[in-house]
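Per full-length UniProt numbering: the sequence shown ends with 103, consecutive numbering throughout.
Beta carbons are placed, not taken as given, at the ideal position from N, Cα and C, and that holds for glycine.
This one's a predicted model, so the numbers in the text were calculated from it and none came from an experiment.
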Amino acid sequence: MIAMQVADIIAEYVVFLTLTDEDELNLDTAVKMTESLADHLEEMDKGFLRELVDAFPVIAEEYSGEAKEVVRNIAYSFYLEEALAADDPVRLAELAALRDARD
1 MIAMQVADII AEYVVFLTLT DEDELNLDTA VKMTESLADH LEEMDKGFLR ELVDAFPVIA
61 EEYSGEAKEV VRNIAYSFYL EEALAADDPV RLAELAALRD ARD
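Right under this line is the structure:
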(Lines of atoms letter the chains of each structure in order from A; the text may use other names.)
(Lines give C-alpha, C1' and ligand atoms only; values in the text may rest on other atoms or scores of the structure.)
Protein backbone atom coordinates (compact mmCIF):
# COMPACT_ATOMS: atom_id res chain seq x y z
CA MET A 1 0.00 0.00 0.00
CA ILE A 2 2.70 2.50 0.95
CA ALA A 3 4.69 1.68 -2.20
CA MET A 4 1.66 2.56 -4.32
CA GLN A 5 1.28 5.88 -2.53
CA VAL A 6 4.97 6.71 -2.93
CA ALA A 7 4.82 5.62 -6.59
CA ASP A 8 1.90 8.02 -7.09
CA ILE A 9 3.93 10.89 -5.65
CA ILE A 10 6.97 10.03 -7.76
CA ALA A 11 4.82 9.69 -10.87
CA GLU A 12 3.25 13.13 -10.40
CA TYR A 13 6.70 14.61 -9.86
CA VAL A 14 8.18 12.93 -12.95
CA VAL A 15 5.21 13.82 -15.15
CA PHE A 16 5.49 17.44 -14.03
CA LEU A 17 9.24 17.61 -14.68
CA THR A 18 8.98 15.80 -17.99
CA LEU A 19 5.91 17.36 -19.55
CA THR A 20 5.86 20.92 -18.26
CA ASP A 21 6.65 23.44 -20.97
CA GLU A 22 10.05 25.16 -20.81
CA ASP A 23 8.22 28.51 -20.57
CA GLU A 24 6.78 27.38 -17.24
CA LEU A 25 9.70 25.40 -15.82
CA ASN A 26 13.40 26.18 -16.15
CA LEU A 27 15.06 23.28 -17.98
CA ASP A 28 18.17 23.36 -15.79
CA THR A 29 16.01 23.15 -12.68
CA ALA A 30 14.05 20.22 -14.13
CA VAL A 31 17.28 18.36 -14.92
CA LYS A 32 18.68 18.98 -11.42
CA MET A 33 15.48 17.78 -9.78
CA THR A 34 15.35 14.70 -12.00
CA GLU A 35 18.94 13.85 -11.13
CA SER A 36 18.19 14.34 -7.45
CA LEU A 37 15.20 12.01 -7.68
CA ALA A 38 17.35 9.41 -9.45
CA ASP A 39 19.90 9.55 -6.64
CA HIS A 40 17.20 9.10 -3.99
CA LEU A 41 15.66 6.17 -5.84
CA GLU A 42 18.99 4.38 -6.16
CA GLU A 43 19.56 4.76 -2.40
CA MET A 44 16.26 3.11 -1.46
CA ASP A 45 16.01 -0.22 0.22
CA LYS A 46 16.03 -2.82 -2.57
CA GLY A 47 12.87 -4.53 -1.32
CA PHE A 48 10.93 -1.29 -1.31
CA LEU A 49 12.41 -0.26 -4.65
CA ARG A 50 11.15 -3.56 -6.12
CA GLU A 51 7.66 -2.68 -4.89
CA LEU A 52 7.91 0.76 -6.49
CA VAL A 53 9.08 -0.67 -9.81
CA ASP A 54 6.14 -3.05 -9.79
CA ALA A 55 3.73 -0.22 -8.87
CA PHE A 56 4.52 2.12 -11.78
CA PRO A 57 2.76 0.07 -14.50
CA VAL A 58 -0.28 -0.25 -12.24
CA ILE A 59 -0.60 3.47 -11.52
CA ALA A 60 0.19 4.35 -15.15
CA GLU A 61 -3.36 3.23 -15.93
CA GLU A 62 -4.61 6.29 -14.01
CA TYR A 63 -2.99 8.54 -16.62
CA SER A 64 -3.64 9.11 -20.29
CA GLY A 65 -1.64 9.98 -23.36
CA GLU A 66 1.96 11.00 -23.00
CA ALA A 67 1.74 11.09 -19.20
CA LYS A 68 0.73 7.42 -19.17
CA GLU A 69 3.87 6.51 -21.14
CA VAL A 70 6.07 8.64 -18.88
CA VAL A 71 4.77 6.84 -15.79
CA ARG A 72 4.94 3.42 -17.42
CA ASN A 73 8.61 4.09 -18.27
CA ILE A 74 9.81 5.47 -14.95
CA ALA A 75 11.66 2.28 -14.02
CA TYR A 76 13.29 2.18 -17.47
CA SER A 77 14.12 5.90 -17.54
CA PHE A 78 15.74 5.84 -14.11
CA TYR A 79 17.55 2.48 -14.61
CA LEU A 80 15.76 1.04 -11.58
CA GLU A 81 15.94 -2.59 -12.71
CA GLU A 82 19.69 -2.10 -13.06
CA ALA A 83 19.84 -0.67 -9.54
CA LEU A 84 18.03 -3.75 -8.28
CA ALA A 85 20.41 -6.04 -10.17
CA ALA A 86 23.60 -4.25 -9.13
CA ASP A 87 25.07 -7.40 -7.53
CA ASP A 88 23.99 -9.77 -10.31
CA PRO A 89 26.23 -9.53 -13.40
CA VAL A 90 24.10 -12.01 -15.35
CA ARG A 91 20.93 -9.98 -14.78
CA LEU A 92 22.79 -6.76 -15.62
CA ALA A 93 23.88 -8.29 -18.94
CA GLU A 94 20.27 -9.32 -19.66
CA LEU A 95 19.06 -5.81 -18.91
CA ALA A 96 21.76 -4.30 -21.12
CA ALA A 97 20.66 -6.55 -23.97
CA LEU A 98 17.04 -5.54 -23.44
CA ARG A 99 18.02 -1.87 -23.52
CA ASP A 100 20.01 -2.36 -26.71
CA ALA A 101 17.04 -4.08 -28.33
CA ARG A 102 14.64 -1.34 -27.18
CA ASP A 103 16.82 1.59 -28.22
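(message) Going by DSSP, what residue range makes up the alpha helix (DSSP H) through D28?
(response) 27-43
(request) Compare the Cα-Cα distances from R50 to each of E82, A11, L25 and report the closest residue. (result) E82
(request) Go ahead and pull the three-state DSSP assignment for S64. (result) S64 carries a coil assignment under DSSP once its states are collapsed to helix, strand and coil.
(message) Below 8 angstroms on the Cβ atoms is my contact criterion, and I expect Y63 with V71 to pass it. Report the Cβ-Cβ distance as a whole number of Å.
(response) 5 angstroms
(message) Excluding the 5 residues flanking T20 on each side, which residues of the same chain have their C-beta closer than 8 angstroms to its C-beta?
(response) A30
(message) Taking the alpha carbon of K68 as the reference point, which residue from D103, M4, P57, G47 has its own alpha carbon closest?
(response) Put simply, of D103, M4, P57, G47 the residue whose alpha carbon is nearest the alpha carbon of K68 is P57.
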